[in-house]
Amino acid sequence: MSFSGFILKIFGWKVICTVPDYQKCIICVAPHTSNWDFVLGKFAYWSVGRQAGFLMKESWFFFPMKYLLRALGGIPVPRKRGSSLSEAIIKKFNSSERMTLAITPEGTRSRVTEWRTGFLHIAYEAHLPIVLGAIDAENKLIHLQESFTPTGDINTDMRAIKNYYKPFKGIKPENFSAD
């Protein structure tokens, strides 16, 4: 058992991973209701012997945290909209031999009904599968069991993805909506 798997076990968490170890993919992570989601997600993916980068609000990339976050695979997300972050990530995927990136489409730990669609655009344009990573705090399980292939129809794809996440409860269930 890996160190990260051991730590998860101590706290009563289990990881169920049945998806392939894709050369390139997006991991859609939800519910995102607590800062602990980051720790759980990193430890869960490490526990199955895999590495993934992640997107995080740029305000977290302050000295000295920025060095740790970048070493862990962090990519700062600018607060202002309209940046070309999605295009830059697509280029990075297209020029990489191996790349996995975890994204929380809610974009915040607060309750939102409108999820960000950038991960769908990135996956579709870069021809990537989306691994649906679910944090099931009620049962202390982290699921990596389903993959999704985007069709390019953002509304239909988002509805299917939200439907997948509806049964899951985050650490702070009041902060999650898949409606």
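Its first residue numbered 5, the sequence shown is counted upward by one per residue in our numbering. All C-beta atoms in this analysis are idealised placements derived from N, C-alpha and C, irrespective of residue type, glycine included.
### Glu33 versus Phe66 - alpha carbon distance
The residue you asked about is not Glu; residue 33 is Val in the sequence shown. Answer to the nearest angstrom: the Cα atoms are 24 Å apart.
### Query
If you run the structure through DSSP and keep just helix, strand and coil, what is Val23?
coil
### Query
So His36 and Arg113 are in contact, right, with Cβ under 8 Å, and what is the actual spacing, rounded?
6 Å
### Task
Round the Cβ separation of Leu136 and Phe152 to the nearest angstrom and send it over; I've been treating them as touching at under 8 Å.
6 Å
### Query
Does the stretch 6-20 come within contact of the stretch 137-145, defined as at least 3 CB pairs closer than 8 Å?
yes
### Query
From the beta carbon of Pro109, is the nearest beta carbon of chain B less than 8 Å away?
Looking at the structure shown, chain B is missing, and only one protein chain is on hand.
### Task
Report yes if the CB atom of Phe172 is closer than 8 Å to the CB atom of Ile139, and no otherwise.
For Phe172 and Ile139, yes; Cβs fall inside 8 Å.
### Message
Between which residues of its own chain and Pro82 is the CB-CB distance below 6 Å, once the five residues before and five after are set aside?
### Response
Glu62
### Message
Suppose the cutoff is 7 Å on Cβ atoms and the five residues either side in sequence are ignored; what does the same chain contact list for Ser90 look like?
### Response
Gly122, His125 and Ile126
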